[in-house]
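Presented below is the structure to which this report refers.
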Amino acid sequence: MVQAGNPLGADRPGGGAAGTRSLRAAGPGRPRRLIATHTTKGKHMAHHTRIKVRGYHLDLFGHVNNARYLEFLEEARWNCFEDSGTLAQFLQSGLGLAVVNINIDYARPATMGEMLLIETAVKSIGNRSAVIHQRVLLDGTDILVAQADVTFVVFDTRAGKAVVLEGPLKDALELIQAQSA
């Protein structure tokens, strides 16, 4: 089972109201999500996703291939948006999120068997886009493996065009941002 925390219900120490969800099967191209939670460090709160490095994540040199980090980061963003209820709001509104830029810095290699902790937080919100900052750490340490800023735009799924981010959807992102600031 996966323990999930909801940042919109921050009445619980270490995160929001807890729920459970069955673990999605791992496979090539899909990282295994072990646990998604929200934790606090002082007043700061970021969404956390843990991923165990598997053999199929590795390249010829025995460490996680650079392209796999993009998949890990995407999994963590999906977890964050699902757990906050923001994803459901976007889908019900006929809106989607499209990544338009990723800047990633690699700090150290990750190898098979290591548990990675991915922190996800909303960094900034504009009229049509937002930036999410993500850090990949060795779980249980402050050792940085990689970090990225991911810019996405909000678009109308029917028209296929970027739209202004406003109303309840912007409010939901601002709440996630405030909790992680």
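If you read the sequence shown in full-length UniProt numbering, its first letter stands for residue 1, the second for the next number, and so on. Every residue, glycine too, gets a C-beta built ideally from N, C-alpha and C.
Buried or exposed: where does leucine 137 fall if 16 or more other Cβ atoms within 10 Å of its Cβ makes it buried?
buried
Taking all protein chains shown into account, do 16 or more other C-beta atoms lie within 10 angstroms of the C-beta of threonine 111, making it buried, or fewer, making it exposed?
exposed
Which residue's Cα is closest to the Cα of histidine 48: Pro109, Leu60, Ala121?
Ala121
Measure how close the beta-carbons of lysine 170 and isoleucine 125 come, nearest whole angstrom, since I'm counting them as under 8 Å.
7 Å
From Ala148, Val53, Ser129, residue whose alpha carbon lies closest to that of glycine 96
Ser129
If I measure Cβ to Cβ from cysteine 80 and keep anything under 6 Å in the same chain, skipping five residues before and after, which residues do I get?
His47, Thr120
Report the rounded CA-to-CA distance for leucine 173 versus valine 131, giving the unit in angstroms.
10 Å
Would threonine 151 and valine 100 be called neighbours here (beta carbons separated by less than 8 Å)?
yes
Leaving out five residues on either side along the sequence, give the residues of the same chain with a beta carbon under 6 Å from the beta carbon of leucine 175.
none
Under a three-way DSSP split, which group does threonine 39 fall into?
Bear in mind that the predicted position of threonine 39 carries a pLDDT of just 42, short of 50, making it unreliable; the figure below should be weighed with that in mind. Strand at threonine 39.
Please classify aspartate 83 as buried or exposed, where buried requires at least 16 neighbouring CB atoms within 10 angstroms.
buried
Can you give me the C-alpha to C-alpha distance between glycine 167 and aspartate 149, rounded to a whole angstrom?
24 Å
Classification of leucine 73 by the beta-carbon crowding that lies within 10 angstroms, buried from 16 upward
buried
Got a sec, what are the start and stop residues for the alpha helix (DSSP H) residue 207 sits in?
Coverage of the chain is limited to positions 1 through 181, which leaves residue 207 absent and any answer about it impossible.
With DSSP collapsed to three states, give me the class of aspartate 171.
helix
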